[in-house]
Amino acid sequence: MGEIIKVGMADFKVTQLPNRLTTLGLGSCVGICLYDKKEKNIGMAHIMLPSSKDIRNNKNKYKFADTCLSLMINELKKMGSKPRNLRAKIAGGAKMFKFSSKNDSMNVGQRNAEAVRDLLKQLNIRIVADDCGGTFGRTITFDSENGDLKVKTIGHGTEII
Amino acid sequence: MTRSVESLNSSIIDVLKEIGNIGAGNAATSLAKMLNKKVDMEVPQVKILEFSDVPKLIGGEESLVTGVYFNLEGDLTGSFLFLLDEASALGLLNLMMPMEFKEFDEMSNSALMEVGNILSGAYISSLATLTNLNISISVPSISYDMAGAILSVPAIQFGMVSDQVLIVENEFFDDDKDDMISGYFLLVPDLESYDVLLKSLGI
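Protein sequences, first through last, are from chains A and B. Going by my numbering, the first residue of the first sequence is number 3, and it counts up by one from there. Going by my numbering, the first residue of the second sequence is number 1001, and it counts up by one from there.
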C-alpha cells in the first residue's frame, strides 16, 4: 500500500508509486495536487497566500502559490516528469468565518483558489478536478496509483474527485 | 521600521504575557458573573509557535474545535480568535444551560458565540485600558470544524507578517464540578498595528 506522507501548512512534498500524500484540515489554504499518470509521480502543495509578489515578508517560498508551485514542478521534473503530462486537482479555499465586512482578507480562500487556477492556466496544466470554496474544512489524500483525490469533510461528506 | 513576532524579545513577551494574564482574569470574572458561579483559572500560558505547530496544541489538525472570530477595529486593527476544543465547548454549554448538550446546533452555536463575545470583549477591553488605545471588536462569527481549517484563517493573516504566532492558553474551571475548560485566545494584529501596540506599551 506504500506510505502516507503528510504535507504540512506552507509546504510541499513529491513522491511516487505506491505512496500517497495527505494534508489535514485545509481551510482557506489551497491544496494543489499534481499527477503524472505516465511516471506515476505525484506532488501536493499546501499554500497559504496567492502571490509572493504582494508581500514584503516573502522569504518562505512555500507559503505562496506562485513560488511553491514552481518549486514543486522542478522536483517533479527531477523525478522524470514532463510538465505536459501533469494534471492538477485542487481543493480548499474555504471561507471559514462569515463576515459581511469589506475586509478582503476574510475572502483569502477565494483569492487563493483563483490565483491557483490562473497559475495553472499560465503553465498549461489542466485542472481535472476542482473542489474549492464552501464554508468548511477538508482533509485530502492523493493516491499515486490512480490520481484519485479523496476529500473528507466534517458534515459535508467524503468524496473522491 | 516594522517588527515581526520573531523580533519580540523576552521583555516584550513578558508584557504580552501580562496582558494575557489580565485579559484572561477579566474574562474569568465575566464568565463567573454570567454563570453566577465562582470560576478559577490557571496562570495563562503565552506561547510563540510556528503556525504549523498550533493545531498540535489542541489535539491535531483534524480535531474538532469551535472558533469564535472577531475583527478588531479602532486604533489597533487585526483579528481575534477564541478557540475551544470539543470537550471544553460542551463543558461550557452544560455549565450555562439547564439541559444536557450532546451535539452542536443553532442554539448551542449562538450560546457559544455569546460566551465568546463576552470573554473576548473582556480580554480586549483590558488590552485597550492597558495600552490606552481605542479598540473595539466586531460582531462575532462562529465556526465548528477541523482545528487546522479554523486556524488557517489567523495563520494566513499572520503569514503576511511572520511565520510564528502568539497564542494565549487559558484554563478555567469552576468550583463545584471539576470541569476543566481550556480556551485559547489568538490576537492577530495587522502588520501596521504591531508598532502601534508596542509603542503604546512604551517598547
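Glycine residues also receive a C-beta, built at the ideal position from the N, C-alpha and C atoms. Since this is a predicted model, take the numbers as computed values, not measurements.
- Among the bridge pairs identified by DSSP, GLY1159 (chain B) is matched with none.
- If you check each beta-carbon in the region 1016-1039 of chain B against every beta-carbon of chain A, none falls closer than 7 angstroms.
- Around the CB of ARG22 (chain A), 16 or more other CB atoms lie within 10 Å, so the residue is classed as buried.
- Residues are counted here when their Cβ sits less than 7 angstroms from a Cβ of chain B; for the region 46-60 of chain A these are MET50, LEU51, ILE57, ASN59, given in chain order.
- Rounded to the nearest whole angstrom, the CA to CA distance from VAL1188 (chain B) to LYS154 (chain A) is 29 angstroms.
- Taking a cut-off of 8 angstroms on C-beta distances, the region 1188-1198 of chain B does not touch the region 146-162 of chain A, as fewer than three cross pairs fall below it.
- Chain B has a Cβ within less than 9 angstroms of the Cβ of VAL110 (chain A).
- Proximity to SER1125 (chain B) across B:LEU1095, B:ASN1109, B:GLY1025 peaks at B:GLY1025, based on C-alpha coordinates.
- Under DSSP, ASP1053 (chain B) takes part in no beta bridge, so it has no partner.
- In the DSSP assignment, LYS79 (chain A) falls within the alpha helix (DSSP H) that extends over 67-80.
- Put simply, of B:ILE1142, B:GLU1086, B:GLY1067, B:LEU1166 the residue whose alpha carbon is nearest the alpha carbon of VAL1054 (chain B) is B:LEU1166.
- If you look at LEU1130 (chain B), you'll find it in the alpha helix (DSSP H) that goes 1106-1131.
- Runs of the beta strand (DSSP E) lying entirely within the region 1014-1043 of chain B, each at least 3 residues long, are 1039-1041 in chain order.
- With the rule of 3 Cβ pairs closer than 8 angstroms, the region 1064-1072 of chain B counts as touching the region 1135-1155 of chain B.
- Within chain B, no residue has its beta carbon less than 7 angstroms from that of ILE7 (chain A); the closest one is some 15 angstroms off.
- For VAL9 (chain A), no alpha helix (DSSP H) segment is defined, and its DSSP state is neither H nor E.
- Taking the Cα positions, ASN114 (chain A) is about 27 angstroms away from LYS80 (chain A).
- Not a single CB atom of chain B sits nearer than 9 angstroms to the CB of ILE34 (chain A).
- Note on geometry: alpha-carbon atoms of ASP38 (chain A) and ILE44 (chain A) lie some 6 angstroms from one another.
- Just so you know, the alpha carbons of MET1097 (chain B) and LYS123 (chain A) end up roughly 53 angstroms apart.
- Contact of ASP1085 (chain B) with chain A is not assigned, every C-beta pair being separated by 9 angstroms or more.
- Annotated as distal: PHE1173 (chain B) and GLY1020 (chain B), with beta-carbon spacing of 9 angstroms or more.
- Between ALA1128 (chain B) and LEU1093 (chain B), the alpha-carbon positions lie close to 28 angstroms from each other.
- In the DSSP assignment, TYR37 (chain A) falls within the unbroken beta strand (DSSP E) covering 32-38.
- For GLU1073 (chain B), the secondary structure class from DSSP, reduced to helix, strand or coil, is strand.
- A residue is called buried once 16 or more other Cβ atoms fall within 10 Å of its Cβ, and ILE6 (chain A), having fewer, is exposed.
- Annotation: LEU1057 (chain B) to PRO1044 (chain B) spans about 14 angstroms, alpha carbon to alpha carbon.
- Inclusion of GLY29 (chain A) and GLY94 (chain A) in the CB contact set at 9 angstroms is warranted, their separation being smaller than that value.
- Measuring C-alpha to C-alpha distances from LEU1151 (chain B) to each of B:LEU1035, B:ASN1132, B:PHE1051 identifies B:PHE1051 as the nearest.
- Just measuring C-alpha positions, the residue of A:GLY139, A:ILE162, A:VAL16 sitting nearest ASN76 (chain A) is A:VAL16.
- With a threshold of 16 other beta carbon atoms within 10 Å, GLY1078 (chain B) meets it and is buried.
- Counting every other CB atom within 10 Å of its CB across the protein chains shown gives SER1030 (chain B) a total of 16 or more, marking it as buried.
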